[in-house]
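Residue numbers -5 to 115, in my numbering, belong to the letters of the sequence shown in order. Positions of the beta carbon are idealized from the N, C-alpha and C atoms, including for glycine. Worksheet for the structure shown next.
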Amino acid sequence: MPSTRALCRLDDVPEGESRGFDPFDQGRDSIFLVRQQARLYAYQNACPHVDGSPLAWRKDRYLNASGSQIICHGHGAEFDIASGLCTLGPCVGQRLMPVQLKIDAAGKVFLAKHPSSETNK
């Protein structure tokens, strides 16, 4: 497996929106990106309340209506975008698993390593 994987271009994730990806051909989006205040955040698409349960209710729908929180639509949990910390719902105090990214000078976004090698912060 290569050390980096291209996911998209930075402009493919508009400000205040989210987008899911299936970089390992698992048949579902295993990671998602959120762009907020010009920063890009990446997490595994798995709610800590029910191990491995996907967050989005449909493709690329990871945020609440105002775009201020990540939502688990299966359990109603809310997560802070910048930290992944659950602030409301059945998993308060737990975190989403972050995914490490690299962005090159041309604005290409790369998956730095396989998310299973990440640690919960």
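Going by DSSP, what residues sit across from residue i in a beta bridge?
i, result
"L82", "E72"
"A100", "Per DSSP, none; premise fails for A100."
"R89", "L79"
"L27", "R13, A36"
"R52", "Partner(s): none; R52 has no beta bridge."
"L95", "L105"
"Q63", "D74"
Within 10 angstroms of its Cβ, does residue i collect 16 or more other Cβ (buried), or is it exposed?
i, result
"Q31", "exposed"
"S24", "buried"
"S60", "exposed"
"R22", "exposed"
"I65", "buried"
"R29", "buried"
In its own chain, which residues sit with a C-beta less than 6 angstroms from the C-beta of residue i, not counting the 5 before and 5 after it?
i, result
"Q63", "E72"
"L90", "Y37, F73, G78"
"W51", "H67"
"R13", "V7, L27, D54"
"P(-4)", "For P(-4), the predicted structure reports a pLDDT of 43, less than 50, and the residue's modelled location is therefore unreliable. A value from the coordinates is still provided. Correct list: empty, nothing qualifies."
"D19", "none"
Since residue i and residue j are thought to touch, with beta carbons under 8 angstroms apart, how far apart are those beta carbons, to the nearest angstrom?
i, j, result
"L1", "L105", "6 angstroms"
Leaving out five residues before and five after residue i in sequence, what residues of the same chain have Cβ atoms less than 8 angstroms from its Cβ?
i, result
"T81", "Q63, E72, F73, D74"
"I97", "L4, L34, V103, F104"
"H69", "C41, H43, V44, S47, G83, P84, C85"
Leaving out five residues on either side along the sequence, give the residues of the same chain with a beta carbon under 7 angstroms from the beta carbon of residue i.
i, result
"D16", "R22, D23, S24"
Hey, is residue i's beta-carbon within less than 7 angstroms of any beta-carbon in chain C?
i, result
"R52", "Of the chains in the structure shown, none is chain C; there is only one protein chain."
For the segment 37 to 47 and the segment 67 to 86, state whether three or more C-beta atom pairs, one from each stretch, are separated by less than 8 angstroms.
-> yes
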